[in-house]
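Here the structure comes first, spelled out in structure tokens, and everything after it is commentary.
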Amino acid sequence: MPIAITGTGLFTPPYSISNDELVAAFNAYVEAENAKNADAIARGEKKALEPSSAEFITSASGIGRRYVMDRTGILDPEILAPRIPERTNDQHSIQCEMALAAAREALAQANTTADRLGAVIVACSNMQRSYPAISVEVQDALGAKGFAFDMNVACSSATFGINVARDLIAAGSVKSALVVSPEICTGHLNFRDRESHFIFGDACTAVVVEDAETTRAPSFYEILGTRLATKFSNNIRNNAGFLNRTAPERRDDADKLFVQQGRKVFKDVSPMVADLVSGHLDSVGIAPTSIKRMWLHQANGTMNQWIARKVLGRDATEAEAPSVLEEYANTSSCGSIITFHKNRDGIEDGDVGVICSFGAGYSVGSVIVKKATRPS
Ligand code: COA
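As numbered in our numbering, residues 6 to 381 make up the sequence shown, in order.
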């Protein structure tokens, strides 16, 4: 049975922060800290904090700016964190609200309605609460049938979610599923850490996966195959969790936010991704030379160029491996889906492409798709 991605949607937060603005706030914090600790620094008891630089951010990562759910808190040198007021239990949670916006666009593109969905999967790096599942709230707010559950495979959550949706349809459990990824990455980013304060932005993507034989979508992307891999590593880690209150003396330590060894991640993950995608293409009988596009996870521009070159056997053009890093930064599991959502021009019926995400775990998810038009 052909199974396809029939619609995608994107919620982009209302505020944007440029590298210059982010660096100005960080450097004001560094100056204030160094002034506060001037005596200890002079005695050699403390190391002075070093300033950040917008030029470094652009050249090391390809990131130019990021969208965020709150600007004011992040840019206040005394706060350096988003401020998102708590809501009451009878209001939609903020992740649900983001999910609804992206889901509605994806459903409209698939020419379908929520009542035809059999499952809602919220797949992202962080859920704002443990239960009830955010997905069940989204299911209720959309008026979707069936069942819902949350899943987390960090930056690979959306591609892993697409794999699960496809398997549910292939097994006959449902006819269609929604995979939605409300990422508030700024909530777990340490804006006091020079090595990583620039990395993330916020966004939400949604993907409708359906039985291609019963879809009403005028055109779709048939899923030719999915492949997943994981390999344990501590090089991207976040120790925030429900047990933090049981060890209160360490509750606010830096490891309760995102921490990574960026260079090690780059070196470990790039070959893992290239090998997985190459092996996956081979297994479905697609020559790398015939791939029209690679919609890759958005963490680092140089990393993506390296991966694309390894898979294609030559440098990829901007059209073959498009990037949204400059505008969106790293939006965790949304990255490859935003890139897919925004870069479909020039893809004709029969063209094949790869959606691929990678990140903490380590985890890699590859989805090979072929563009098709529904027979009339
Ligand atoms: N401003 C100015 N200089 C900075 C800086 C900043 N904000 N942060 C680090 N530097 C300096 C370092 O001190 C270091 O200086 P040195 O050479 O004098 O020691 C130099 O820049 C290089 O630092 P490094 O951390 O090795 O940079 P990098 O080239 O590895 O780039 C990343 C950092 C994070 C952009 C890059 O490693 C990366 O993107 N890795 C992949 C991460 C990934 O895919 N993660 C998945 C996450 S979901």
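The beta-carbon is built from N, C-alpha and C at its ideal position, and this holds for glycine as well.
Could you spell out the range, first to last residue, of the alpha helix (DSSP H) harbouring residue i?
i	result
C101	I99 to Q114
D273	G267 to S288
G306	G306 to L317
E200	It is not in any alpha helix (DSSP H) - E200 carries neither H nor E in the DSSP assignment.
S162	S162 to A175
V30	First, the residue type needs correcting, since residue 30 is Ala and not Val in the sequence shown. Counting along the chain, the alpha helix (DSSP H) containing A30 begins and ends at N24 to K41.
G340	G340 to K347
S362	Unbroken run through S362 is the beta strand (DSSP E), V357 to G364; no alpha helix (DSSP H).
L147	I139 to L147
Excluding the 5 residues preceding and the 5 following residue i in the sequence, name in chain order all residues of the same chain whose CB lies nearer than 6 Å to its CB.
i	result
N116	R221 and A222
V35	L54 and P56
E331	G69
Q100	Q133, I139 and P187
Figure out for me which residue from the options has the closest Cα to the Cα of residue i.
i	options	result
G370	R76, A128 and I22	A128
M103	L301, I139 and A245	I139
Q133	Q114, R171, D287 and R92	R92
P137	N131, D155, G148 and G12	D155
Y226	I360, F31 and S64	I360
L301	S288, H346, A292 and Q266	H346
L85	A45, I22 and H97	I22
D273	P293, L262, N244 and K236	K236
In the DSSP assignment, find the unbroken beta strand (DSSP E) run with residue i in it and report its ends.
i	result
A182	S181 to I189
K297	I296 to L301
D216	D207 to D216
A376	Just to set this straight, residue 376 is Lys in the shown sequence, not Ala. S368 to T378 is the extent of the beta strand (DSSP E) around K376.
Y226	S224 to T235
T11	I8 to F16
I126	A124 to A128
Counting C-beta neighbours from all protein chains within 10 Å, is the total for residue i 16 or more, i.e. buried, or is it exposed?
i	result
A175	exposed
L248	exposed
M299	buried
G14	buried
M74	buried
T344	buried
R319	exposed
A208	buried
V357	buried
Quick one: what's got a C-beta closer than 7 Å to residue i's C-beta in the same chain, skipping five residues either side?
i	result
K150	D120, L122 and G123
Return the chain-ordered list of same chain residues with a C-beta closer than 8 Å to the C-beta of residue i, the five sequence neighbours on each side being excluded.
i	result
L173	G123, A124, V179 and A182
Q310	D320, A321 and A326
R256	N249 and R250
Is residue i near the ligand ATP, in the sense that its beta carbon is under 7 Å from a heavy atom of that ligand?
i	result
G230	Summarising the ligand content, the structure contains the ligand COA and does not contain the ligand ATP.
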